[in-house]
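A.B. asks: Provided herewith is a single structure, encoded as structure tokens, for subsequent inquiry.
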Amino acid sequence: VSEMLPLGQALEGHLSHGDARRPGPESYRDTYRFDAEVGDSLEIRLESSDLDPFLLLYDPEGRLVAQDDDGGDGLNSRVHVITRLTGTYVLHASSYRPAVGAYPLVVDRFEPPPIRTGTVAMGDTLHGILDRADPRSPRYGTLIESYRLALEQGTRLDVDLRSSVFDAYLVVVDPNGERIAEDDDSGNGLDAQVTFTAALSGEYWILVSSARFAEGPYELSVMPALGERVMDPFQSAAPE
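At position 87 of the sequence shown (counting the first as 1) the number is 79 in the numbering used here, and the numbers step up by one without a gap.
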């Protein structure tokens, strides 16, 4: 049994021992439905002082499109998603570990801030800061910044993302918009590192994020892989 959620209105729910359980941790869950149009930008918030909230969102075809543990303040859950289908979505309000307690839940329209974009070239090391002015990843709900990187086919490179204050997470997207590499902890400690060869010539995107919702400074470097020459900066600069 599931309840329809009106957009923009908070619902007061309660996880109890009589609720259904989700697979894995066997946590209790309540199920809700809401209707959305393709391209809707939505924010879903699940908060509680009684338990550690956990959200799961399924599209009209039954595919898991978002889940979150601590994307909100403290242990609260929050996800941002841009819907790709028109229809009825299913939302599970649950907890990270089995627990009972009260919670408010809201699904609201959300106008995401523009992604902060920059340009990086082979051989560069730059510094940035993830903060709450950044948009959130629609996939993980974490803060995200992006950098354009122009590459020639066959170029092999190392990309390192380092931070002393958060668990770094790195994603590389090719000129066709495909995620071709992503990493959490392949660098030193909790730093992220990917090594890849450009299969296409064109503009790639380096996405800087964290493994969990976090803010703080970071260092990003893009270097030739061992044995590669440094490209001419005029050739590697992204087009205006």
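Backbone N, C-alpha and C define an ideal beta-carbon position, used for all residues, glycine too. As the structure is a prediction and not an experimental result, all values here were calculated from the model.
Report all residues from its chain with a CB closer than 6 Å to the CB of residue 160; omit the five preceding and five following residues, and keep chain order.
C.D. replies: As a first step, residue 160 must be located in the sequence shown, where it is residue number 168. Same-chain partners within the cutoff: 153, 183 and 184.
A.B. asks: With a threshold of 8 Å, are at least 3 pairs of Cβ atoms found where one atom belongs to the region 56 to 65 and the other to the region 1 to 14?
C.D. replies: No, the region 56 to 65 does not touch the region 1 to 14.
A.B. asks: Whole angstroms are fine: how far does the CA of residue 118 sit from the CA of residue -1?
C.D. replies: The residue labelled residue -1 in the question sits at position 7 within the sequence shown. The residue labelled residue 118 in the question sits at position 126 within the sequence shown. In a straight line, the C-alpha of residue -1 is about 41 Å away from that of residue 118.
A.B. asks: Could you spell out where the beta strand (DSSP E) holding residue 162 opens and where it closes?
C.D. replies: Numbered from 1 along the sequence shown, position 170 holds the residue referred to as residue 162. Unbroken beta strand (DSSP E) run through residue 162: 160 to 165.
A.B. asks: Is it true that the CB of residue 167 sits closer than 8 Å to the CB of residue 192?
C.D. replies: Indexing the sequence shown from 1 puts residue 192 at position 200. Indexing the sequence shown from 1 puts residue 167 at position 175. Yes, they are a contact pair.
A.B. asks: With residue 87 and residue 45 assumed to form a contact (beta carbons below 8 Å), what rounded beta-carbon distance in angstroms separates them?
C.D. replies: Locating residue 87 in the sequence shown gives position 95, counting from the first residue. Locating residue 45 in the sequence shown gives position 53, counting from the first residue. The Cβ separation is near 6 Å, so the contact holds.
A.B. asks: Going by beta carbon distance, what residues of the same chain come within less than 6 Å of residue 264, once the five residues before and after it are set aside?
C.D. replies: Within the shown structure, residues of the chain are numbered from -7 to 232, placing residue 264 beyond reach of any answer.
A.B. asks: Could you give the residue range of the beta strand (DSSP E) that holds residue 81?
C.D. replies: As a first step, residue 81 is located in the sequence shown; it is residue number 89 there, counting from the start. Unbroken beta strand (DSSP E) run through residue 81: 79 to 87.
A.B. asks: Relative to the alpha-carbon of residue 23, which residue among 99, 198, 103 and 83 has its alpha-carbon at the smallest distance?
C.D. replies: The residue given as residue 23 occupies position 31 in the sequence shown. Looking at the Cα atoms, 83 is the closest of the given residues.
A.B. asks: Unbroken alpha helix (DSSP H) runs of length 4 or more, entirely within the region 96 to 131: which are they?
C.D. replies: Whole alpha helix (DSSP H) segments, 4+ residues: zero.
A.B. asks: In three-state terms, what does DSSP make of residue 43?
C.D. replies: Here residue 43 refers to the residue found at position 51 when the sequence shown is read from its first residue. If DSSP states are grouped into helix, strand and coil, residue 43 belongs with coil.
A.B. asks: Starting from residue 26, trace the beta strand (DSSP E) in both directions and tell me its first and last residue.
C.D. replies: Reading the sequence shown from its first residue, position 34 is the one you call residue 26. Note, residue 26: beta strand (DSSP E), 20 to 28.
A.B. asks: Within its chain, find whatever has a CB closer than 6 Å to the CB of residue 187; leave out the 5 residues flanking it on each side and keep chain order.
C.D. replies: Within the sequence shown, numbered from 1, the residue matching residue 187 stands at position 195. Only 150 and 217 meet the Cβ criterion.
A.B. asks: Under a Cβ-count criterion, where at least 16 other Cβ atoms within 10 Å of its own Cβ denotes burial, should residue 42 be classed as buried or exposed?
C.D. replies: Walking along the sequence shown from the start, residue 42 turns up at place 50. By the 10 Å Cβ count, residue 42 comes out exposed.
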